[in-house]
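For reference, the structure discussed in these notes is given below.
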Amino acid sequence: MKDTPRAISWKTSRGNVTIRSRCTPREIRTFIYDSQFGTHAHYRSLYTRRESLEKHADLPDADVTLALTDHNHIIGFGVLAYPESEERWSRLGAGLMMEVKAIEVSRSWRRAGVAKCIIQTMMNQPMVEDKIIYMVGYSWTWDLDGSGQSAQAYRRMLIRLFEPCGFQEYQTNEPNICLKPENILLGRIGRNVAKDQRDNFKWLRFNLLNT
0 MKDTPRAISW
10 KTSRGNVTIR
20 SRCTPREIRT
30 FIYDSQFGTH
40 AHYRSLYTRR
50 ESLEKHADLP
60 DADVTLALTD
70 HNHIIGFGVL
80 AYPESEERWS
90 RLGAGLMMEV
100 KAIEVSRSWR
110 RAGVAKCIIQ
120 TMMNQPMVED
130 KIIYMVGYSW
140 TWDLDGSGQS
150 AQAYRRMLIR
160 LFEPCGFQEY
170 QTNEPNICLK
180 PENILLGRIG
190 RNVAKDQRDN
200 FKWLRFNLLN
210 T
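Dropping the structure here:
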């Protein structure tokens with residue numbers, strides 16, 4: 000069963016923002032998607048269309064958390080969902096691992112703490128204590144041009160963003176992560192995750208888990 004949706008009003012240096020967790024496809028359909036979630040000269044948003052958020056919101060246990068201005072204008076989003084069946088991380092067992100598939104804030108609202116509030120809201124729910132939550136950072140998906148940062152600096156920024164919510168960096172031999180030295184695997188192991196599942200996560204990271 001999904002956790003209870005939440006709505007948090009939050010003041011920033013750029014105006015008031017409402018953070019809404021567990022948005023339904025029907026709710027998302029009524030909101031305006033910021034035009035900056037699109038294709039730029041050296042960067043393409045992970046989700047360029049609002050329909051992508053609607054699709055994820057309809058998945059089992061998924062959480063689409065939105066940052067809204069003026070009650071209906073999407074200026075940031077986070078997506079938490081189960082990994083695809085063909086991905087390594089699905090092999091740990093049904094319903095155990097969930098991925099932070101996206102955290103993105105429109106360019107004009109960055110550096111106002113919106114991403115931090117989205118992540119905190121997503122992680123502040125009972126369900127996550129039963130899960131291993133992970134985030135895979137691929138440098139070729141990062142908006143280095145818009146951020147004005149190098150890949151290594153962006154990597155450090157992601158660590159600072161996720162660490163307060165209990166995430167830490169994990170080593171892995173997953174081929175896509177190993178393609179670039181700045182790529183990263185961050186994970187958060189919930190308090191209720193059993194020791195054998197924690198051990199299996201260690202073996203899975205190096206593709207040594209027998210299933």
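The sequence shown begins at 0 in numbering that gives the first Met the number 0 and counts up one residue at a time.
For glycine and all other residues, C-beta sits at the position ideal for the given N, C-alpha and C.
This structure is a prediction, so every number in the text was calculated from the model and none was measured.
Suppose you measure from the CA of residue i to the CA of residue j; what does that come to, to the nearest Å?
| i | j | result |
| --- | --- | --- |
| F200 | D69 | 42 Å |
| L45 | L207 | 31 Å |
| C125 | P174 | The question names Cys, but residue 125 in the sequence shown is Pro. Distance between the alpha carbons of P125 and P174: 32 Å. |
| M134 | K179 | 16 Å |
| I73 | K10 | 16 Å |
| L91 | L203 | 7 Å |
| R28 | G147 | 33 Å |
| R187 | I132 | 5 Å |
| R21 | S149 | 33 Å |
| G37 | F205 | 35 Å |
| G165 | Y137 | 20 Å |
| S12 | G145 | 19 Å |
| M0 | E162 | Residue placement at M0 is flagged as unreliable, the pLDDT there being 45, under the threshold of 50; a coordinate-derived value is accordingly withheld. |
| D198 | M122 | 22 Å |
| V113 | E85 | 32 Å |
| S8 | A111 | 14 Å |
| R109 | G14 | 12 Å |
So who's on the other strand from residue i, going by DSSP bridges?
| i | result |
| --- | --- |
| L65 | R19, F76 |
| A56 | None; A56 has no bridge partner. |
| A101 | V78 |
| V135 | L184 |
| T38 | R43 |
| M156 | None; M156 has no bridge partner. |
With DSSP collapsed to three states, give me the class of residue i.
| i | result |
| --- | --- |
| V127 | helix |
| M0 | For M0, the predicted structure reports a pLDDT of 45, less than 50, and the residue's modelled location is therefore unreliable. A value from the coordinates is still provided. Residue state, collapsed to three classes: coil. |
| W202 | helix |
| W9 | strand |
| V113 | helix |
| R43 | strand |
| T120 | helix |
| Y32 | strand |
| E26 | helix |
| G14 | strand |
| Q148 | coil |
| Q196 | helix |
| E168 | strand |
Shortest alpha-carbon distance to residue i belongs to which of the options?
| i | options | result |
| --- | --- | --- |
| A61 | K100, I74, N209 | K100 |
| E53 | H41, V78, R106 | V78 |
| D183 | A152, R43, A93, G145 | Contrary to the premise, residue 183 reads as Ile rather than Asp in this sequence. Out of A152, R43, A93, G145, A152 has the C-alpha closest to the C-alpha of I183. |
| K130 | R48, A6, A193 | A193 |
| R5 | R48, G14, A111, T23 | T23 |
| L143 | E103, L67, C177, H41 | H41 |
| N172 | E162, I102, W88, Q35 | W88 |
| E181 | L157, V16, R48, N191 | L157 |
| T47 | N209, N15, E103 | E103 |
| M97 | P82, R110, E86 | P82 |
If contacts are defined as beta-carbon pairs under 8 Å, then residue i and residue j qualify, I think. What distance do you get, rounded to the angstrom?
| i | j | result |
| --- | --- | --- |
| C116 | I31 | The Cβ separation is near 20 Å, so there is no contact. |
| T64 | T120 | 5 Å |
| V127 | G75 | The pair is not a contact, with the Cβ atoms about 19 Å apart (cut-off 8 Å). |
| L95 | A80 | No, L95 and A80 are not in contact; Cβ-Cβ is about 13 Å, not under 8 Å. |
| Q35 | S107 | 6 Å |
| L185 | Q167 | 7 Å |
The ligand ADP and residue i: does the residue's C-beta get closer than 8 Å to at least one heavy atom of that ligand?
| i | result |
| --- | --- |
| W141 | With respect to small molecules bound, the structure shown includes none, and the ligand ADP cannot be examined in it. |
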